[in-house]
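For the record, the sequence lines run as chains Z and V. If you're matching positions, the first sequence starts at 846 in the numbering used here and goes up one per residue. If you're matching positions, the second sequence starts at 54 in the numbering used here and goes up one per residue. Glycine included, every Cβ here is placed at the ideal spot set by N, Cα and C. The model shown is predicted, which means the values in this text are computed figures rather than measured ones. I have placed the structure first, in the form of structure tokens, so that the comments after it can refer back to it.
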Amino acid sequence: MDEPIKHEHIHIMDTVDTFQEAIMQAATPLINDGYIDKAYVQDIYDSLEKNGPYIVVADYVALPHAQPSEKVLKNGLSLLLLNTPVDLLGNPIHVFIVLAAKDSTAHLASLKSLAIFLMEKENIDALIGAESVPGIQKVLEERWQTS
Amino acid sequence: MKILAVCGFGVGSSLILKMTIDKVLKDIGKDADVVNTDISDARSYQADAIFTSPDFVESLTGSVKATLYPVNRYSDKEEVKAQLIKAFAANEK
Numbered sequence: 846m847d848e849p850i851k852h853e854h855i856h857i858m859d860t861v862d863t864f865q866e867a868i869m870q871a872a873t874p875l876i877n878d879g880y881i882d883k884a885y886v887q888d889i890y891d892s893l894e895k896n897g898p899y900i901v902v903a904d905y906v907a908l909p910h911a912q913p914s915e916k917v918l919k920n921g922l923s924l925l926l927l928n929t930p931v932d933l934l935g936n937p938i939h940v941f942i943v944l945a946a947k948d949s950t951a952h953l954a955s956l957k958s959l960a961i962f963l964m965e966k967e968n969i970d971a972l973i974g975a976e977s978v979p980g981i982q983k984v985l986e987e988r989w990q991t992s
Numbered sequence: 054m055k056i057l058a059v060c061g062f063g064v065g066s067s068l069i070l071k072m073t074i075d076k077v078l079k080d081i082g083k084d085a086d087v088v089n090t091d092i093s094d095a096r097s098y099q100a101d102a103i104f105t106s107p108d109f110v111e112s113l114t115g116s117v118k119a120t121l122y123p124v125n126r127y128s129d130k131e132e133v134k135a136q137l138i139k140a141f142a143a144n145e146k
């Protein structure tokens with residue numbers, strides 16, 4: 846099976862000062878690997894300002910993303926786990942999962958698997974409790990259902 | 054019943070919300086047609102109920118016929134279940 850999220854797109858940090866910093870850190874592997882243009886991150890900030898924090902899909906989990914555009918070069922996901930949560934417009938967040946989608950049907954299968962994963966609180970607890978990148982991968986691989 | 058799951062772009066979060074609604078429908082043994090879309094399409098869509106964030110409920114109020122049901126956490130089955138029960142009760146009247 847393919848990795849749910851590529852290991853080189855996952856990292857852990859102790860703490861950040863702002864949610865903007867968290868989103869930029871979470872997106873950096875996708876920028877460095879040529880999946881997204883840095884300008885895509887600005888689109889995410891703009892969307893949050895305009896649309897509010899609905900990307901907080903579960904307690905402690907945010908899915909930063911913006912509209913599909915030419916700023917997305919490849920479909921992908923990246924993950925940042927913060928040991929200390931940061932405030933995102935009134936919501937404490939431990940896990941940032943950046944979605945890069947080239948169009949609205951792209952990446953449907955992994956988004957569906959992600960949705961099923963996030964519906965179970967114990968999956969999120971296990972993710973937050975992970976202490977290393979291999980630990981995060983283990984949680985994802987064991988609990989990721991492909992449909 | 055036709056339900057719209059709405060987010061800003063119709064690409065990520067609204068699919069997550071649709072998946073949660075579909076899962077809860079299965080759990081409670083109810084049937085509905087669930088479609089996910091973005092905030093601008095939501096205005097031109099015929100539906101009985103719209104599930105979306107409190108911010109989008111505010112911006113859609115007055116411009117859609119469908120009843121609006123706010124959901125804070127798109128993957129929270131309990132929150133979605135409470136709103137689905139309300140939507141079915143309203144739809145059966």
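Item, Value
"Neighbouring residues, chain V, relative to Z/Val940 (Cβ below 8 Å)", "Within chain V, no residue comes near Z/Val940; the closest Cβ sits about 12 Å away, beyond 8 Å."
"Sufficient close CB pairs (3 or more, under 8 Å) joining the stretch 859-876 of chain Z to the stretch 913-930 of chain Z", "yes"
"Residues of the stretch 60-83 of chain V with Cβ closer than 7 Å to any Cβ of chain Z, in chain order", "Cys60, Gly61, Phe62, Gly63, Val64, Gly65, Ser66, Leu68, Ile69, Met72, Thr73, Lys76"
"Short Cβ contact (8 Å threshold) for V/Leu70 with V/Val124", "yes"
"Residue range of the unbroken beta strand (DSSP E) whose run includes V/Asp91", "86-91"
"For V/Ser97, three-class secondary structure by DSSP", "coil"
"Pairwise C-alpha distance: V/Ala142 and V/Ala102", "12 Å"
"Near-chain Z residues of the stretch 117-146 of chain V - C-beta to any C-beta below 9 Å", "Val124, Asn125, Arg126, Tyr127, Ser128, Asp129, Lys130"
"Residues in the stretch 92-112 of chain V having any Cβ partner in chain Z nearer than 8 Å", "Ile92, Thr105, Ser106, Pro107, Asp108, Phe109"
"Any 3 or more C-beta pairs closer than 8 Å across the stretch 54-70 of chain V and the stretch 952-962 of chain Z", "yes"
"Where the alpha helix (DSSP H) containing Z/Asn928 begins and where it ends", "Counting along the chain, Z/Asn928 falls outside any alpha helix (DSSP H), though it belongs to the beta strand (DSSP E) covering 921-933."
"Neighbouring residues, chain V, relative to Z/Asp904 (Cβ below 9 Å)", "Arg126, Asp129"
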